[in-house]
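At position 434 of the sequence shown (counting the first as 1) the number is 437 in my numbering, and the numbers step up by one without a gap.
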Amino acid sequence: MDDQGKRLILAIVISLAFLFVWQTYFVSSPPPPAEEGPAEAMESPAAPDQQAGVEPPGPGPGEAPVPERAPEALKGSAEKRIVVRTPLYSTIVTSRGAALQSHRLLKYLQDRKEPESFVEMVRSPQDGSLPLSAEFIDAGGPMGFTDALFVVDGQDLVLGEGQEASLAFRYRTAEGLEMVKTLTFSGDDYAILTDLEILNLGVNPMAGRLSLTWDPGLEPPAGEKVGGFLGGGKQYGYQGAMALVEDKRRKVKPKSVEGTQDLDFLPQWIATTDMYFTAAMIPAESVDGARVKKLEDDRIGLALTSQTRLLPGQSSSMAINTYVGPKEMVSLKAVDPLLAKTIDLGFFGFIAQPLMDLLNFFYKYVRNYGVAIIILTILIKIFFIPFSTASHRSMRKMSKLQPQINALKDRYKKDREKLNQEIMVLYRENKVNPAGGCLPILVQIPVFFALYRALLGAIELRHAPFAFWIVDLSAKDPYYITPIIMGGTMFLQQKMTPTSADPRQAQIMLFMPIVFTALFLSFPSGLVIYWLVNNVLTIGHQYLMNRGDKDDQPEPEADKKGKKGKKKKGAK
4 MDDQGKRLIL AIVISLAFLF VWQTYFVSSP PPPAEEGPAE AMESPAAPDQ QAGVEPPGPG
64 PGEAPVPERA PEALKGSAEK RIVVRTPLYS TIVTSRGAAL QSHRLLKYLQ DRKEPESFVE
124 MVRSPQDGSL PLSAEFIDAG GPMGFTDALF VVDGQDLVLG EGQEASLAFR YRTAEGLEMV
184 KTLTFSGDDY AILTDLEILN LGVNPMAGRL SLTWDPGLEP PAGEKVGGFL GGGKQYGYQG
244 AMALVEDKRR KVKPKSVEGT QDLDFLPQWI ATTDMYFTAA MIPAESVDGA RVKKLEDDRI
304 GLALTSQTRL LPGQSSSMAI NTYVGPKEMV SLKAVDPLLA KTIDLGFFGF IAQPLMDLLN
364 FFYKYVRNYG VAIIILTILI KIFFIPFSTA SHRSMRKMSK LQPQINALKD RYKKDREKLN
424 QEIMVLYREN KVNPAGGCLP ILVQIPVFFA LYRALLGAIE LRHAPFAFWI VDLSAKDPYY
484 ITPIIMGGTM FLQQKMTPTS ADPRQAQIML FMPIVFTALF LSFPSGLVIY WLVNNVLTIG
544 HQYLMNRGDK DDQPEPEADK KGKKGKKKKG AK
């Protein structure tokens with residue numbers, strides 16, 4: 004073998020050795036072959052972005068990355084209670100359902116005799132449900148947020164005026180549906196802002212209804228006595244669920260509700276209310292429905308809802324402001340002007356509200372609502388003096404014509420048409436207007452009814468003392484002294500009022516004081532004081548007018564002749 008052959012063999016050996024070393028130490032082994040998947044997955048074409056060599060876009064705003072599998076459930080280990088105290092209320096929030104377990108109003112007592120018996124707005128819940136519970140209901144039913152143990156971010160809060168703070172609660176189901184509930188409290192008003200966010204962190208789409216509830220209502224359970232004419236309870240007026248629709252109140256009564264049902268309207272607010280307090284939920288733009296639930300004791304639970312569909316990685320939110328406090332005009336308007344309509348002042352509300360404003364104005368100076376009622380009654384009476392005077396004079400003229408009217412009735416008792424014609428002639432000749440006695444009184448009726456309605460349910464009178472034995476102007480007189488005196492003044496007023504009625508009608512009218520006295524026995528003392536003072540002022544006014552009528556009457560001829568005779572005899 005020549006040198007050229009030797010060099011060729013050596014080159015081959017060196018090349019093979021080099022390839023062996025390179026393959027062994029520098030080239031990694033190929034990955035094992037992937038398992039064969041479904042035919043559909045294998046045959047599916049690549050996305051356009053992948054075909055073009057472009058990286059696919061990430062999740063959009065408000066969307067989380069789509070996971071390969073649902074994350075683990077997130078829940079609290081034990082129930083935790085957080086106390087929030089402001090100058091207006093003290094509330095306890097439980098991590099079970101992230102709901103209100105207690106909410107006491109620190110400026111209002113349940114019992115005037117017990118200093119620490121603050122009004123409780125969470126009224127004996129049923130079935131474990133609590134106010135401000137939230138739930139997500141899909142095709143399979145509730146997801147269990149109402150009873151879930153939330154993880155809470157926050158601790159006990161003490162807020163002063165001008166301060167605000169929040170508590171955040173989180174819970175995630177095994178399917179990857181996570182709820183974040185944030186409750187925001189303020190030291191300046193009675194509102195609690197609830198922000199709900201629901202996130203689909205799972206791998207499957209989810210569709211359902213997100214809801215926030217106030218359950219149960221504030222109205223008393225069925226069978227509990229809340230009002231009445233003779234010896235009934237302290238409270239009057241409507242108590243239950245109501246809603247504001249197109250600026251008009253709609254009552255939702257238990258007899259109109261069966262089980263759980265959707266309302267056929269979207270309210271501006273929906274509330275549960277009693278005589279003096281209310282819990283009203285004000286929806287945000289994301290809310291698209293409302294529903295009510297009738298409980299076993301006929302109370303009504305409320306809910307605002309939002310239909311939503313969540314793809315994996317998507318989220319949805321809902322914000323609701325809830326007023327939980329007194330039906331006090333200033334406090335209600337501070338949260339939302341529309342909440343003022345939770346106070347029902349009746350048909351003459353446009354008159355009642357200015358009268359209540361006047362009452363509160365007087366109270367600022369006299370610091371006694373009983374005295375303020377008396378001042379307001381005097382002011383109203385002064386305003387209506389011209390009308391009362393005109394009515395009195397007209398009735399006096401009618402009374403003087405009564406003998407002639409009776410004579411006409413005897414003469415034309417078989418001819419009703421002729422009798423009416425002759426009576427009208429008599430009225431024209433004496434310049435008497437038959438309606439003159441009624442019209443001035445009709446002008447006063449709206450004001451009387453407006454003030455009556457305002458005082459009947461005014462929270463300002465609740466536990467407000469007056470004097471002596473009257474220690475609560477919103478409660479009945481415990482000894483029935485003021486309503487009995489009022490009945491006596493009403494009887495005296497009727498006796499002093501000129502009347503053209505026949506004796507039988509006059510006797511029937513004398514029963515009116517008895518009826519009114521029985522009616523007022525259980526009415527609030529503040530209302531009885533108003534009616535009593537008005538009667539006393541009316542009696543004084545009638546006395547002065549009756550005395551003026553006697554002074555204006557001409558002396559009878561016999562009296563004049565007698566006086567002249569006495570003068571002549573004395574002259575001799």
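Beta carbons: idealized from backbone N, C-alpha and C, even for Gly.
Relative to the C-alpha of residue i, which residue among the options is closest?
{"i": "D150", "options": "D191, Y546, Y366 and R175", "result": "R175"}
{"i": "V255", "options": "E178, R294 and P286", "result": "R294"}
{"i": "N409", "options": "G165, P270, P468 and L422", "result": "L422"}
{"i": "L91", "options": "V248, R550, R107 and S309", "result": "R107"}
{"i": "Y279", "options": "D141, R88, S334 and A168", "result": "S334"}
{"i": "I487", "options": "D267, F519, E463 and Q264", "result": "F519"}
{"i": "D277", "options": "R312, L221, M245 and G79", "result": "L221"}
{"i": "T345", "options": "P329, P357 and F351", "result": "P329"}
{"i": "A102", "options": "G165, F350 and V183", "result": "V183"}
{"i": "D475", "options": "D300, T94, L77 and Q113", "result": "Q113"}
{"i": "V248", "options": "L213, A168, I285 and S259", "result": "I285"}
{"i": "A244", "options": "D192, L213, S189 and I303", "result": "I303"}
{"i": "G79", "options": "Y241, L152 and K412", "result": "L152"}
{"i": "A453", "options": "K258, P357, L535 and Q405", "result": "P357"}
{"i": "P315", "options": "A210, L458 and A470", "result": "A210"}
{"i": "L213", "options": "K336, Y111, V290 and F121", "result": "V290"}
{"i": "T325", "options": "I195, T89 and T311", "result": "I195"}
{"i": "G100", "options": "S397, F451, W217 and E164", "result": "W217"}
Secondary structure at residue i, three-state DSSP: helix, strand or coil?
{"i": "S93", "result": "strand"}
{"i": "E463", "result": "helix"}
{"i": "G231", "result": "Low per-residue confidence applies at G231: pLDDT is 44, beneath 50, and the placement is therefore not dependable, though the value from the model is reported in the following sentence. If DSSP states are grouped into helix, strand and coil, G231 belongs with coil."}
{"i": "E117", "result": "coil"}
{"i": "N537", "result": "helix"}
{"i": "N409", "result": "helix"}
{"i": "K336", "result": "helix"}
{"i": "G40", "result": "The predicted position of G40 is uncertain, since its pLDDT is 37 and thus under 50; no value can be drawn from it."}
{"i": "A76", "result": "coil"}
{"i": "I157", "result": "Reading off the sequence, residue 157 comes out as Gly, not Ile. Residue state, collapsed to three classes: coil."}
{"i": "V474", "result": "coil"}
{"i": "S528", "result": "helix"}
{"i": "P34", "result": "Reliability of the predicted coordinates at P34 is poor, the pLDDT of 44 falling under 50, and the value obtained from them is presented with this limitation in mind. Looking at P34 - three-state DSSP - the assignment turns out to be coil, as it is neither helix nor strand."}
{"i": "P163", "result": "Going by the sequence as given, residue 163 is Gly instead of Pro. G163 falls in the coil class under three-state DSSP."}
{"i": "G147", "result": "coil"}
{"i": "A375", "result": "helix"}
{"i": "P576", "result": "This structure cannot speak to residue 576, because the chain is shown only from 4 to 575."}
{"i": "P449", "result": "helix"}
{"i": "E123", "result": "strand"}
{"i": "N423", "result": "helix"}
{"i": "V206", "result": "coil"}
{"i": "G349", "result": "coil"}
{"i": "E432", "result": "helix"}
{"i": "Y546", "result": "helix"}
{"i": "P128", "result": "coil"}
{"i": "T325", "result": "strand"}
{"i": "G220", "result": "coil"}
{"i": "D133", "result": "The sequence given here has Leu at residue 133, not Asp. Three-state DSSP puts L133 in coil, outside helix and strand."}
Could you give the first and the last residue of the continuous beta strand (DSSP E) run that contains residue i?
{"i": "Y174", "result": "E167 to R175"}
{"i": "M182", "result": "L180 to S189"}
{"i": "R107", "result": "A102 to L112"}
{"i": "E200", "result": "A194 to N203"}
{"i": "F469", "result": "F469 -> no beta strand (DSSP E), and no H or E assigned at all."}
{"i": "S98", "result": "Looking at the DSSP string, S98 is not in any beta strand (DSSP E), and its letter there is neither H nor E."}
{"i": "D141", "result": "S136 to D141"}
List the endpoints of the continuous alpha helix (DSSP H) containing residue i.
{"i": "T216", "result": "It is not in any alpha helix (DSSP H) - T216 instead sits in the beta strand (DSSP E) that spans M209 to W217."}
{"i": "A393", "result": "I388 to K403"}
{"i": "R88", "result": "Counting along the chain, R88 falls outside any alpha helix (DSSP H), though it belongs to the beta strand (DSSP E) covering R84 to R88."}
{"i": "A521", "result": "M515 to F523"}
{"i": "A355", "result": "G352 to V369"}
{"i": "L152", "result": "Careful: L152 lies outside any alpha helix (DSSP H) and carries neither H nor E."}
For chain D, find out if any of its Cβ atoms is closer than 8 Å to the Cβ of residue i; answer yes or no.
{"i": "E261", "result": "No chain D appears in this structure, which consists of one protein chain only."}
Cβ pair count under 8 Å reaching 3, the stretch 340-352 against the stretch 190-203 = no
Contact between the stretch 145-159 and the stretch 170-185: three or more CB pairs below 8 Å?
-> yes
Any 3 or more C-beta pairs closer than 8 Å across the stretch 479-486 and the stretch 369-387 = no
Which residue spans inside the stretch 233-320 form an unbroken beta strand (DSSP E) run of at least 3?
-> 243-248, 251-255, 263-265, 272-276, 280-286, 292-297 and 303-313
Specify whether the stretch 452-463 and the stretch 260-277 touch according to this definition: at least 3 beta carbon pairs, one from each stretch, less than 8 Å apart.
-> no
Any 3 or more C-beta pairs closer than 8 Å across the stretch 177-192 and the stretch 111-126 | no
How about the stretch 488-496 and the stretch 527-539: do they share at least three Cβ pairs that are nearer than 8 Å?
-> yes
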